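First comes the structure, then the notes that go with it.
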Amino acid sequence: MKAVVYEKPFSVTVRDVDDPQIQHPNDVIVRVTSTAICGSDLHMYEGRTAAEAGIVFGHENLGVIEEAGSGVTSLSEGDRVVMPFNVACGFCKNCLAGKTGFCLTVNPGFAGGAYGYVAMGPYTGGQAERLRVPFADFNCLKLPAGEEFESDFILLADIFPTGYHGCELAQVTPGESVAVYGAGPVGLMAAYSALLRGAAKVFSVDRVPERLAKAEEIGAIPIDFTKGDPAEQIKEQTNGEGTDKGVDAVGYQAQAHDASHEEPAIVLNALVETVRPTGMLGVPGLYVPSDPGGPDEHAKHGQLLVSIGRMFEKGQQMGTGQCNVKRYNRQLRDMIIAGRAKPSFVVSHELPLDQAPQAYEKFDKRVEGYTKVVLHPGHALAA
15 MKAVVYEKPF SVTVRDVDDP QIQHPNDVIV RVTSTAICGS DLHMYEGRTA
65 AEAGIVFGHE NLGVIEEAGS GVTSLSEGDR VVMPFNVACG FCKNCLAGKT
115 GFCLTVNPGF AGGAYGYVAM GPYTGGQAER LRVPFADFNC LKLPAGEEFE
165 SDFILLADIF PTGYHGCELA QVTPGESVAV YGAGPVGLMA AYSALLRGAA
215 KVFSVDRVPE RLAKAEEIGA IPIDFTKGDP AEQIKEQTNG EGTDKGVDAV
265 GYQAQAHDAS HEEPAIVLNA LVETVRPTGM LGVPGLYVPS DPGGPDEHAK
315 HGQLLVSIGR MFEKGQQMGT GQCNVKRYNR QLRDMIIAGR AKPSFVVSHE
365 LPLDQAPQAY EKFDKRVEGY TKVVLHPGHA LAA
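Numbering (this note's numbering), first residue to last: 15 to 397.
As structure tokens, then:
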């Protein structure tokens, strides 16, 4: 089958790889109809992880079941399904507690597994024509048959639940004010989710004009951090108090305010200043224990200079960690079906699989309006 394969930093190719096979009675093989490029894929693409040549990328996957193992009970060939980026067993201590992003079974020695991602287990990615899904009864979310809502449903694999998770970590409630740092796909989903949860005022902080315009379109207040300290800009619009809640949707490759270099802790520290005393911070943005491209020796080992004293002084609380997608994806699916949510507003490009190399390059450079790319293997639905 054709798949997107990592070659070296800033280089992926589409080439033939082995077809997936049923390896366990509870496996299914999915013919992939949509698979998205994620901002976290760019960390590997840029050589900022320990990813080695040959890995097949792709943890945001949707398709139709072609083959089901003999132990699969709730799914059938022909079912349309979307998979969380988390690979999870469903029966370990963490899965039973709803923390499927930290499954203790699927990646021995590590809490959590994912498709096509470095250090997240032996699970081939889905930027390919087919995908093996383990523990399929647990990991597959059924969707209505056909092609309706395809570009909405694909976002249930990761960024819509992850944006929502950021609001859950920050415990966003109706009537509150929220600052979301980052207006990339996850940041836009966090701002959108805050509005869905009833926030009265949502600020979206970024520097890319297209992203800020998109945030404004959904009802958020754009804040360009190159035009002044974003915390001060937000305080000016909240009577000097700051927001009730804050979400970091940027992570460890955060940019300095003049966008001239990276400052890995700048968003965390900006949130501490932006959020009022006793407020809550949600951090779904990715931070890693090892960053070969970190700007200093501490950053290279995931050690950042965060203003914990200021955070303590303000009595703030922080929630962190990758999203437990299954905690949210069923409800968010039903909101899409009911017309209450349409997350596909973030999708900028829908392309056939063979255009993945160009899409990665343009998405990485933030050019030509590339904000969220959905690939369609087999040219299905390609636009």
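By construction, the Cβ of each residue, glycine as well, lies at the ideal position given by its N, Cα and C atoms.
Given the structure is predicted, the values throughout are model-derived calculations rather than measurements.
Who are the near neighbours of F105 in its chain, counting only those whose CB is closer than 6 Å to its CB and skipping five residues on each side?
Against the sequence shown, residue 105 aligns to sequence position 91. None.
Who are K16's beta bridge partners in DSSP?
As a first step, residue 16 must be located in the sequence shown, where it is residue number 2. DSSP lists D30 as partners of K16.
To the nearest whole angstrom, what separates the beta carbons of V18 and L365, a pair I think is in contact under 8 Å?
For the purposes of this step, residue 18 is taken as residue 4 along the sequence shown, with counting starting at 1. For the purposes of this step, residue 365 is taken as residue 351 along the sequence shown, with counting starting at 1. About 11 Å separates the beta carbons of V18 and L365, which is beyond the 8 Å limit, so they are not a contact pair.
By the three-class DSSP mapping on this structure, what secondary structure does T114 have?
Locating residue 114 in the sequence shown gives position 100, where the first residue counts as 1. DSSP places T114 in helix when its eight states are reduced to three.
With three or more C-beta pairs closer than 8 Å as the rule, is the segment 108-115 touching the segment 15-29?
no
T87 classed as buried or exposed, judged by whether at least 16 other C-beta atoms fall within 10 angstroms
Sequence index remark: in the sequence shown, residue 87 carries index 73 (1-based). Exposed, since its Cβ has fewer than 16 Cβ neighbours within 10 Å.
Proximal residues to G68 (C-beta, below 8 Å), its chain only, five neighbours per side dropped:
Working through the sequence shown from its first residue, we reach residue 68 at position 54. The answer, listed in chain order, is V19 and Y20.
In chain order, what residues of the same chain lie with their CB nearer than 7 Å to the CB of L346, ignoring the 5 residues before and after it?
By 1-based counting over the sequence shown, the position of residue 346 is 332. For L346, where only same-chain residues beyond five positions count, the Cβ hits under 7 Å are L170, F174, P175, Y178 and A355.
Quick check on L395: does DSSP put it in helix, strand or coil?
What you label residue 395 is simply residue 381 of the sequence shown in a count that begins at 1. Interpretation of L395 is limited by its pLDDT of 42, a score under 50 that renders its predicted location unreliable; the figure taken from the coordinates is listed afterwards. Reduced to three states, the DSSP call for L395 is coil.
Local conformation of N283 per DSSP, three classes
Within the sequence shown, numbered from 1, the residue matching residue 283 stands at position 269. Reduced to three states, the DSSP call for N283 is helix.
Nearest neighbour of V28, chosen from V96, G140 and I36 [CA to CA]
Along the sequence shown, one-based indexing puts residue 28 at 14. Out of V96, G140 and I36, G140 has the C-alpha closest to the C-alpha of V28.
For K340, three-class secondary structure by DSSP:
In the sequence shown, residue 340 corresponds to position 326, counting from 1. Reduced to three states, the DSSP call for K340 is helix.
According to the neighbour-count rule (16 or more other Cβ atoms, all chains shown, within 10 Å of its Cβ), is N338 buried or exposed?
Position 324 of the sequence shown, counted from the start, is the residue given in the question as residue 338. It counts as buried.
N- and C-terminal bounds of the beta strand (DSSP E) containing I69:
As a working note, residue 69 is residue 55 in the sequence shown. Per DSSP, I69 is not a residue of any beta strand (DSSP E), being assigned neither H nor E.
Where DSSP assigns a beta bridge to L365, which residues make up the other side?
Translated into the one-based positions of the sequence shown, residue 365 becomes position 351. Answer by DSSP bridge pairing, in chain order: L389.
Out of curiosity, what's the CA-to-CA distance linking A142 and P291?
Position 128 of the sequence shown, counted from the first residue, corresponds to residue 142. Position 277 of the sequence shown, counted from the first residue, corresponds to residue 291. About 47 Å.
Tell me the DSSP bridge mates of Y206?
Stepping through the sequence shown from its first residue, residue 206 is reached at position 192. Beta-bridge partners of Y206 (DSSP): none assigned.
Inter-residue spacing [alpha-carbon to alpha-carbon] between S165 and V46
By one-based count along the sequence shown, residue 165 stands at place 151. By one-based count along the sequence shown, residue 46 stands at place 32. Cα to Cα, S165 sits roughly 13 Å from V46.
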